[in-house]
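Numbering (numbering that gives the first Met the number 0), first residue to last: 0 to 74. Structure record follows, encoded as structure tokens.
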Amino acid sequence: MEFSNEEKEAITQKIQNYFKAELDSDIGQFDALFLLDFFTREIGPYFYNRGLYDAQALLAQRIEDIAESIFELEK
């Protein structure tokens, strides 16, 4: 998973803001970027796969809806 430089900057800023607001701790940009890389590498695939599973479930439901609509049109 790759992020653009602009996305990385935005995400690292959010990480820094979170640490300040929730943990009352300052974290530097380098440390925030390191944490982002860790989450992207180690946890990102779980979120990616969940997105795929959700998309697959939605598509299956839509296909079922279409099949039911076609069945209703049968004479």
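Glycine included, C-beta positions come from ideal geometry on N, C-alpha and C. This structure is a prediction, so every number in the text was calculated from the model and none was measured.
Using 8 angstroms for Cβ pairs, my map puts residue i next to residue j. What's the rounded Cβ distance?
i, j, result
"Ser24", "Phe18", "5 angstroms"
Compute the Euclidean distance between the alpha carbons of residue i and residue j, then round it to the nearest angstrom.
i, j, result
"Ala54", "Ile10", "24 angstroms"
"Glu6", "Leu35", "11 angstroms"
"Ile69", "Tyr52", "26 angstroms"
"Glu63", "Lys74", "19 angstroms"
"Ala59", "Arg40", "29 angstroms"
Suppose contacts are defined by Cβ-Cβ distances below 8 angstroms. Is residue i in contact with residue j by that definition?
i, j, result
"Gly50", "Met0", "no"
"Gln84", "Ile26", "Summary: the structure shown does not reach residue 84, with the chain confined to residues 0 through 74, and so no result is reported for it."
Exercise. Which residue spans inside the region 5–50 form an unbroken beta strand (DSSP E) run of at least 3?
Worked result: Counting whole runs of 3 or more residues, the region 5–50 contains no beta strand (DSSP E) stretch at all.
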